[in-house]
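Chains A and B supply the protein sequences, listed in that same order. Just so you know, we're using my numbering here: the first sequence kicks off at 273 and counts up by one. Just so you know, we're using my numbering here: the second sequence kicks off at 2 and counts up by one. Glycine included, every Cβ here is placed at the ideal spot set by N, Cα and C. Heads up: the structure comes next, in structure tokens.
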Amino acid sequence: MLIDARVLELVRAERRDEAIGLLLPAFRRRVFGLAYSLLRNRDAAEDVTQDVFIKIWRALPHFDGRASLSTWIYAITRNASLSALRARRPQSSLSDPEAMDAADAVDPAPSADAMAERAALQRLVDQLPPKQRQVVMLFYMEQQSHEEVATMLAMPVGTVKTLLHRARATLSAAAGNVRANA
Amino acid sequence: MSTDSELDKHLHALFGGLDTGTDFEARLRAHLRTESQADAAGRALRAQHQERDRYRKEQLELTSWRRSAVRLLTLDTLGISFLLVVAVAMAWPHIGRDVVDISRQYGPYIATLLGLLIAAVPIVGMWSERTRSSIRLL
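And the structure:
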């Protein structure tokens with residue numbers, strides 16, 4: 273990747289701050305999304321994202337470019353998120369008002385029906401098994417590719433496709449039931 | 002949510018807006034500035050300690066070099082002087098009268114010159130040894 277080479281070049285020239293300046297816009301949302309998919313708490317995910325970028329800044333001089341930058345960053349994010357998870361129990365879910373705020377950023381003035389539908393969908397996503405929920409969140413967060421989600425979660429692309437397929441099937445069926453009961 | 006594309010649309014609407022807060026970057030940059038300053042201070046302190054250690058080591062080496070030079074000089078001088086005395090004592094009866102006269106006349110100068118040469122040999126040897134891996138002290 274082009275960014276990998278550029279970052280490596282800046283690190284070798286001892287220009288760490290510039291390297292972080294490149295990494296921040298490229299990875300901020302993905303790191304936050306990955307942390308959020310694991311922690312399911314906005315504040316905790318944001319704290320972990322801060323922590324991850326500080327860790328990256330500290331570790332950049334040791335980055336030799338043997339592994340891809342994204343693999344390295346996602347590994348740091350997963351480890352930091354798991355440490356944060358161990359340090360506390362999950363306090364909130366996707367049904368949080370915070371999660372609703374995040375969703376509202378895409379559609380700033382949703383109608384009452386749309387809001388109800390969104391809340392229902394959030395509850396359904398919340399009920400998915402953890403791996404399926406993570407894959408769904410990351411895939412739809414930025415319309416990532418299967419490959420990118422696989423890299424983020426350190427799992428094979430085939431597994432990501434299977435989890436996504438199962439999650440969509442579950443959500444479709446559950447949404448159908450909700451409608452039928454309404 | 003009857004079709005897959007509708008589900009996709011809803012899921013994208015649900016998760017597409019997930020992002021950090023507006024002050025995220027400002028907070029991170031402030032954090033990194035603090036880290037950077039602490040890092041620079043730490044590096045300066047480490048460099049100072051390293052330099053101090055290096056200076057002490059060089060000083061110790063220099064002191065031990067001086068001691069060994071003095072020891073060598075003393076031993077060399079004693080050995081060579083003894084050999085010279087023995088050589089002169091053995092050769093003295095066979096030396097011609099004119100050579101004896103010259104040596105009596107210039108004896109003190111020759112002795113001084115020999116003394117200087119004997120003292121200079123180990124010093125020059127040690128000096129050339131040291132300059133091969135020159136030390137620079139602060």
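Query	Result
Rounded straight-line distance, which links the Cα of Gly116(B) to that of Val89(B)	15 Å
9 Å Cβ cut-off: residues of chain B touching Phe264(A)	Since the displayed chain A opens at 273 and closes at 454, residue 264(A) lies outside it and no answer follows.
8 Å contact criterion, which His13(B) and Gln404(A) should meet: CB distance rounded	Between Gln404(A) and His13(B) the Cβ distance is about 17 Å, and since that is not below 8 Å, they are no contact.
Asp255(A) - containing alpha helix (DSSP H), residue span	In the structure as shown, chain A begins at 273 and stops at 454. Residue 255(A) is therefore absent and cannot be evaluated.
Assumed close pair Phe25(B), Met413(A) - CB separation to whole angstroms, cut-off 8 Å	Their Cβ separation, rounded to whole angstroms, is 16 Å, which puts Phe25(B) and Met413(A) out of contact at 8 Å.
Closer than 8 Å at the beta carbon, the chain A residues around Gly43(B)	Per Cβ cutoff of 8 Å: no residues; Gly43(B) is ~12 Å from chain A at best.
Pro401(A), DSSP secondary structure in three states	coil
Cβ neighbour criterion (16 or more within 10 Å) applied to Phe299(A)	buried
8 Å contact criterion, which Pro123(B) and Asp77(B) should meet: CB distance rounded	5 Å
Cβ of Met413(A) within 7 Å of any chain E Cβ	Reference to chain E is not applicable here, since the protein chains of this structure are A and B.
Distance CB(Leu33(B))-CB(Trp344(A)) smaller than 7 Å	no
Cβ-based neighbour list, Asp99(B), same chain, cut-off 8 Å, excluding 5 preceding and 5 following	none
Where Thr21(B) meets chain A, residues with beta-carbon distance less than 8 Å	Arg300, Arg301, Phe304, Glu318 and Thr321
Contact with chain A by Leu138(B), beta-carbon distance below 7 Å	Here Leu138(B) scores only 47 on pLDDT, less than 50, and its place in the model is too uncertain to base an answer on.
Ala339(A) versus Ala277(A), Arg395(A), Ser309(A) and Ala356(A), residue with shortest Cα-Cα distance	Ala277(A)
Interface flag, Leu152(B) vs chain A, CB-CB below 7 Å	With chain B covering 2 to 139 only, the question about residue 152(B) has no answer from this structure.
8 Å Cβ cut-off: residues of chain A touching His11(B)	Glu389, Arg390 and Leu393
Local Cβ density within 10 Å of Ala447(A), reported as buried at 16 or more and exposed below that	buried
Chain B contact residues for Ile292(A), given Cβ-Cβ distances below 7 Å	Leu33
Burial state of Leu274(A), where buried means 16 or more other Cβ atoms lie within 10 Å	exposed
Under 7 Å between C-beta atoms of Leu400(A) and Ala439(A)	yes
Endpoints, the alpha helix (DSSP H) within which Thr424(A) is located	It is Met, not Thr, that sits at residue 424(A) in the sequence shown. Note, Met424(A): alpha helix (DSSP H), His418 to Leu425.
Residue-level contact to chain A via CB, Leu46(B), 7 Å cutoff	no
Val279(A) versus Thr349(A): straight-line alpha-carbon distance, rounded	18 Å
Cβ neighbours of Val429(A) in the same chain (closer than 8 Å, five flanking residues each side left out)	His418, Glu419 and Ala422
Exposed unless 16 or more other CB atoms sit within 10 angstroms - verdict on Met91(B)	exposed
Buried/exposed call for Val71(B), threshold 16 Cβ in 10 Å	exposed
Thr23(B) - containing alpha helix (DSSP H), residue span	It is not in any alpha helix (DSSP H) - Thr23(B) carries neither H nor E in the DSSP assignment.
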